[in-house]
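Residue numbering for the sequence shown follows my numbering, beginning at 6 and increasing consecutively.
Cβ coordinates follow ideal geometry from the N, Cα and C atoms, glycine included.
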Amino acid sequence: MVWSVDRTPLEEIAPEASSSRSRPLRRHARRGAPSVPVEVLPEPPRQLGRGARFATHLCAGALAGATAKTIEAPLDRVKIIFQVSKQPFSFRAAGRQMVAIVRNEGVQGLWKGNGEATLRQRARALRKRR
């Protein structure tokens, strides 16, 4: 069966449309409706149930939060180092600290502790939803 954009079966809108679909249709089932071409879709899009929609939103939110934490992890690590030390903060000193981390621990050292921060962020997000 072929469906229109507003999910009305095409046979109800124009019975003769099943034989010729080469030109746009300009008739609607209701009288007084504006004469707008009807786009023909192969079948109506499937709607997700409440549970599937919730799971989709939960996974999307978790992925977005993990991505954000991973992107900001190097700056967060340098910030924490400055908070714990007595060294005054400046952008130049922060740059030197990042270079020192890369020299001593490698590039992966910038993301040290990122897994724990990501899990902590997910736990906070779940607590806020309750």
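Range of the contiguous alpha helix (DSSP H) that encloses residue i
i, result
"residue 79", "55-89"
Simplified DSSP state of residue i, which is helix, strand or coil
i, result
"residue 118", "coil"
"residue 111", "coil"
"residue 133", "helix"
"residue 127", "helix"
"residue 52", "coil"
"residue 92", "coil"
Residue closest to residue i, alpha-carbon to alpha-carbon, out of the options
i, options, result
"residue 107", "93, 63 and 79", "79"
"residue 115", "55, 57 and 82", "82"
"residue 86", "120, 100 and 66", "100"
"residue 117", "51, 56, 58 and 84", "84"
"residue 123", "68, 55, 90 and 91", "68"
"residue 125", "102, 75 and 52", "75"
Chain D within 8 Å of residue i, Cβ atoms only
i, result
"residue 67", "You won't find chain D in this structure, because it holds only one protein chain."
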